[in-house]
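Read in order, the letters of the sequence shown correspond to residues -25 to -1, 1 to 165 in mature numbering (1 follows the signal peptide of the UniProt record, and there is no 0).
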Amino acid sequence: MAKVLPAALLFYLWNLLLRSSCTSGLGINELLYFRVISPEEIGYIFSAAPAKDFGGAFVSSYDEIFLVPAEPADGCTDLEDTEMIQGQVILVERGGCSFVQKARNVEEAGGKAVLIADNAVDNDSQYLDMVTDGSTAKPSIPALFLLGRDGMMIRRTLQRQALPWAVISIPVNVSSLASFPLKQPPWTLW
């Protein structure tokens, strides 16, 4: 009689298999997960890759925190609306300046963490290794790389619904969730 593998183990093996095809050397244990609570249209669990040699780790878990799109979107200059940014997770787009500069600008504006979405909006599987730019002043907030398609879908949904932010839970321990149905973005292969 065949043994049935526990759901968490099946989920782990499935993710390991899918991630082995990525150009980055990231494994499932090196990704961080967050869940969009609101708006429901994008109420999925997303994965992001932490920066390699700068930024901090999440020392707290946030069951409900705002994910605020940056203005300007690339986060390369002083951010607007710093009152809304205070204590929140900020979504910026890749390009225009270094990852470190973006994270530093978010930290200086009072953000708790930064999600840097790839500017290649068709990227739904390739994580980049975010590394330091050689500057000595490194940000201490968590900095995560988000797939381009995920970032674009989040930003587009917020714009379409005229919402200033999404409500997220970060980090999410996916191994503690029931593996099916695990609500993943339908446009992204895990």
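Positions of the beta carbon are idealized from the N, C-alpha and C atoms, including for glycine.
* To do: Please classify Asp38: does DSSP put it in a helix, a strand, or coil?
  => Taking the first residue of the sequence shown as 1, we reach residue 38 at position 63. The answer is strand: DSSP assigns Asp38 an E or B state.
* Can you tell me whether DSSP reads Arg79 as helix, strand or coil? -> Locating residue 79 in the sequence shown gives position 104, where the first residue counts as 1. DSSP places Arg79 within a helical segment (H, G or I) once states are collapsed to three.
* Asked: Are the beta-carbon atoms of Ala137 and Val81 separated by less than 9 Å?
  -> Position 162 of the sequence shown, counted from the first residue, corresponds to residue 137. Position 106 of the sequence shown, counted from the first residue, corresponds to residue 81. No, they are not a contact pair.
* Asked: Three-state secondary structure (DSSP) at Arg10?
  -> By 1-based counting over the sequence shown, the position of residue 10 is 35. Three-state result, Arg10: strand.
* Asked: Which one of Val89, Met128 and Ser144 has the shortest CA to CA distance from Leu119?
  -> Counted from its first residue, the sequence shown places residue 119 at position 144. Nearest option by C-alpha distance: Val89.
* Asked: Using the beta-carbon count (16 or more within 10 Å), is Val34 buried or exposed?
  -> The count along the sequence shown starts at 1 and reaches residue 34 at position 59. Counting of Cβ neighbours within 10 angstroms places Val34 among the exposed residues, the total staying below 16.
* Asked: On the premise that Phe21 lies in contact with Tyr8, defined as a C-beta separation below 8 Å, what is that separation, rounded to the nearest angstrom?
  -> Position 33 of the sequence shown holds residue 8. Position 46 of the sequence shown holds residue 21. Going by Cβ atoms, the distance from Tyr8 to Phe21 rounds to 7 Å, so yes, they are a contact pair.
* Three or more C-beta pairs closer than 8 Å, one from the stretch 42 to 56 and one from the stretch 15 to 31: is that the case here? -> No: fewer than three Cβ pairs fall under 8 Å.
* Neighbour-count burial assignment, Arg135, 16 or more Cβ in a 10 Å radius -> Within the sequence shown, numbered from 1, the residue matching residue 135 stands at position 160. Answer is exposed; the Cβ neighbour count stays below 16.
* Please say whether Asp125 and Lys27 have beta carbons closer to each other than 9 Å? => Here residue 27 corresponds to residue number 52 of the sequence shown, with the count starting at 1. Here residue 125 corresponds to residue number 150 of the sequence shown, with the count starting at 1. Contact flag unset, no.
* **Integer-rounded CB distance, given that Pro117 should sit under 8 Å from Ala32** => Here residue 32 is taken as the residue at index 57 of the sequence shown, counted from 1. Here residue 117 is taken as the residue at index 142 of the sequence shown, counted from 1. A Cβ-Cβ distance of about 6 Å is found for the pair Ala32 and Pro117, placing them in contact under the 8 Å criterion.
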